[in-house]
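If you're matching them up, the sequences are chains H and C in order.
Using the numbering used here, read the first sequence as starting at 78 and increasing by one per residue.
Using the numbering used here, read the second sequence as starting at 2 and increasing by one per residue.
So the structure is just underneath, and the comments pick up after that.
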Amino acid sequence: DGGITQSPKYLFRKEGQNVTLSCEQNLNHDAMYWYRQDPGQGLRLIYYSQIVNDFQKGDIAEGYSVSREKKESFPLTVTSAQKNPTAFYLCASSIGQPYIQNTGELFFGEGSRLTVL
Amino acid sequence: RKEVEQDPGPFNVPEGATVAFNCTYSNSASQSFFWYRQDCRKEPKLLMSVYSSGNEDGRFTAQLNRASQYISLLIRDSKLSDSATYLCVVTLNTGGFKTIFGAGTRLFVKA
Numbered sequence: 078d079g080g081i082t083q084s085p086k087y088l089f090r091k092e093g094q095n096v097t098l099s100c101e102q103n104l105n106h107d108a109m110y111w112y113r114q115d116p117g118q119g120l121r122l123i124y125y126s127q128i129v130n131d132f133q134k135g136d137i138a139e140g141y142s143v144s145r146e147k148k149e150s151f152p153l154t155v156t157s158a159q160k161n162p163t164a165f166y167l168c169a170s171s172i173g174q175p176y177i178q179n180t181g182e183l184f185f186g187e188g189s190r191l192t193v194l
Numbered sequence: 002r003k004e005v006e007q008d009p010g011p012f013n014v015p016e017g018a019t020v021a022f023n024c025t026y027s028n029s030a031s032q033s034f035f036w037y038r039q040d041c042r043k044e045p046k047l048l049m050s051v052y053s054s055g056n057e058d059g060r061f062t063a064q065l066n067r068a069s070q071y072i073s074l075l076i077r078d079s080k081l082s083d084s085a086t087y088l089c090v091v092t093l094n095t096g097g098f099k100t101i102f103g104a105g106t107r108l109f110v111k112a
């Protein structure tokens, strides 16, 4: 079955540590995204990538970094510079390019819940 | 003003009730419109796309009014399993698709 796999599902981090969240998709989608969700709030875009070896900052990129070396993979690193990293992190993908049939629908992984101790 | 605004709720309704959610968006160039459903501590999942002509999927009906920049979702004959947060989502085509999420409306359906 095609889909998006995020790992780990739960992660605990000590203050000052960097952690990397994995996101892999086998949907052959060009575009991938990282969102952050805090309780009672909507999804906020951290970074996105529309093509391999290229990525763009979203609305809340400070304290995060990404790479897109392969089409299938878009890992997110939460660095020690992120002041309030405890949140639910969601990776998503979409066809990305404005093909005629593309409506921009996003497909999400199950999420990674990061807690800073 | 938020780009996509929703009533946060929560909406508390009995089983069998009809409930309507509203959403407004600020960018008139918005191209595609969706309702996603998100269960507690889970990822959002597409519920339905929204078209200008309106569309229906079983107990769910979505409407789009481009002139008023307004989207709605109607749920008829509510079930306990409909309890979730409903996200209004709008996309802009800026050479790639920019997706903007509303904060969601929480629904509790009670027996």
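Ideal Cβ placement from N, Cα and C applies to all residues, glycine included.
As the structure is a prediction and not an experimental result, all values here were calculated from the model.
For residue i, which option in the options has the closest C-alpha, if you only look at C-alpha atoms?
{"i": "residue 84/C", "options": "32/C, 105/C and 30/C", "result": "105/C"}
{"i": "residue 19/C", "options": "61/C, 11/C, 8/C and 39/C", "result": "61/C"}
{"i": "residue 152/H", "options": "109/H, 94/H, 184/H and 183/H", "result": "109/H"}
{"i": "residue 85/H", "options": "124/H, 93/H and 99/H", "result": "99/H"}
{"i": "residue 94/C", "options": "21/C, 17/C and 32/C", "result": "32/C"}
{"i": "residue 102/H", "options": "158/H, 192/H and 172/H", "result": "172/H"}
{"i": "residue 76/C", "options": "109/C, 68/C, 101/C and 29/C", "result": "109/C"}
{"i": "residue 150/H", "options": "111/H, 89/H and 88/H", "result": "111/H"}
Answer with yes or no whether the minimum CB distance from residue i to chain C is below 9 Å.
{"i": "residue 170/H", "result": "no"}
{"i": "residue 183/H", "result": "yes"}
{"i": "residue 191/H", "result": "no"}
{"i": "residue 118/H", "result": "yes"}
{"i": "residue 186/H", "result": "yes"}
{"i": "residue 122/H", "result": "yes"}
Please classify residue i as buried or exposed, where buried requires at least 16 other C-beta atoms within 10 Å of its C-beta.
{"i": "residue 42/C", "result": "exposed"}
{"i": "residue 119/H", "result": "buried"}
{"i": "residue 177/H", "result": "Model confidence at residue 177/H stands at a pLDDT of 45, short of 50, so the residue's coordinates are unreliable and nothing is read from them."}
{"i": "residue 194/H", "result": "exposed"}
{"i": "residue 81/C", "result": "exposed"}
{"i": "residue 113/H", "result": "buried"}
Can you confirm whether residue i, when its beta carbon is compared against all beta carbons of chain H, has any partner nearer than 9 Å?
{"i": "residue 105/C", "result": "yes"}
{"i": "residue 50/C", "result": "yes"}
{"i": "residue 12/C", "result": "no"}
{"i": "residue 62/C", "result": "no"}
Within 9 Å of any Cβ in chain D, is that where the Cβ of residue i sits?
{"i": "residue 88/C", "result": "Here the protein chains are H and C, and chain D is not one of them."}
Subject >> Contact residues within the stretch 23-48 of chain C, judged by C-beta distance below 9 Å to chain H >> reply: 32, 33, 35, 37, 39, 42, 43, 44, 45, 46 and 47
Subject >> Residue ranges of each beta strand (DSSP E) within the stretch 33-96 of chain C, 3 or longer >> reply: 33-39, 45-51, 56-58, 61-66, 71-76 and 85-94
Subject >> Within the stretch 88-161 of chain H, ranges of the beta strand (DSSP E) (whole runs, at least 3 residues) >> reply: 96-102, 108-114, 120-128, 131-134, 141-143 and 153-155
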